[in-house]
Amino acid sequence: MQFDTTKFMMAVREALQAHDTRAFVDTVKEQCSLADLCRMLDEGDVDTRRVAAIALGLIGDQSVEDYLFRALKDEDRQVNKMAEHGLWAIWFKSGKSEALPAFRRGVDQLESNEYKAALGSFKEAATIDPNFAEAYNQCSIVYYLLGKWDKSLKYCQKALAQIPRHFGAMAGLGHCYTQKGDFHRALTHYRMAHQINPNVNAVLAAIERLQARVRDANDSSDHFAQERVGV
């Protein structure tokens with residue numbers, strides 16, 4: 000039997016208007032499958048795509064990531080944002096259940112600026128589940144905040160080994176290489192992050208800033224070379 004998108008949208012409308020997340024999730028689970036949501040995100044009208052992106056972030060898992068990655072380049076900005084939020088939501092819950100308490104503790108500690116405690120919690124989560132990409136990415140963030148660029152790089156790479164399209168970890172490499180003064184590598188990774196997710200304004204700003212910096216450095220180098228040869 001063909002899935003009735005109109006009926007689904009009417010069913011979830013009340014929960015959406017009331018901003019009732021629990022009721023929304025319950026209704027979505029009653030009305031459709033992950034496959035239905037993925038199809039709506041790919042083929043629905045703009046309102047349907049927005050709802051599907053929200054729902055996939057709340058009840059989806061890593062099996063739906065391809066659909067959300069495609070939605071990052073949807074023509075509608077709200078779909079882009081909801082797909083990005085959805086990917087982050089999935090990454091934050093993608094570890095084994097045994098690893099999640101330590102990870103969540105780390106998130107709370109990081110929000111309270113307890114960097115060393117947070118690092119210990121994230122490493123504990125990664126030890127329990129060595130495939131937990133977001134635990135590695137959060138370690139990289141803490142190391143960056145502590146000014147330890149090389150260690151931050153290492154953990155960005157660990158995250159990317161698990162999720163090659165993790166635009167947050169890719170941008171993290173750009174941040175670290177910028178701090179290390181390797182602007183060409185920084186630009187490369189910022190551009191890769193932007194290609195995956197073209198909606199992060201901070202990454203676009205970093206690209207523009209570094210392009211100008213590299214261009215100015217090249218102009219200065221050319222001017223120096225011309226002076227040396229008497230041009």
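Counting from 0, one number per residue, gives the positions in the sequence shown under numbering that gives the first Met the number 0. For every residue, glycine included, the Cβ atom is placed at its ideal position computed from N, Cα and C. Source: prediction; values computed, not measured.
Relative to the Cα of Ala-168, the nearest Cα in the group Lys-157, Gln-178 and Thr-177 belongs to Lys-157. At the C-beta level, Leu-33 and Ile-58 come within 9 Å of one another. Here the segment 95-105 makes no contact with the segment 61-75; the two share fewer than three CB pairs at distances below 8 Å. In this structure Val-141 is in contact with Tyr-114, their Cβ atoms being roughly 5 Å apart against a cut-off of 8 Å. Excluding sequence positions up to five before and after Ser-139, its CB lies within less than 7 Å of the CB of Ser-151, Tyr-154, Cys-155, Ala-158, Ala-168 and Gly-171, all in the same chain and listed in chain order. For Phe-121, the enclosing alpha helix (DSSP H) has its first and last residue at 114-127. Contact between Ser-93 and Phe-131 holds, since their C-beta atoms are separated by about 7 Å, short of 8 Å. Straight-line spacing of the CA atoms in Phe-7 and Asp-41 works out to 16 Å. Secondary structure at His-165: coil, using DSSP grouped into helix, strand and coil.
Unbroken alpha helix (DSSP H) runs of no fewer than 4 residues, entirely contained in the segment 129-187, are found at 132-144, 148-161 and 166-178, following chain order.
Arg-212 and Leu-203 have their alpha carbons spaced roughly 14 Å apart.
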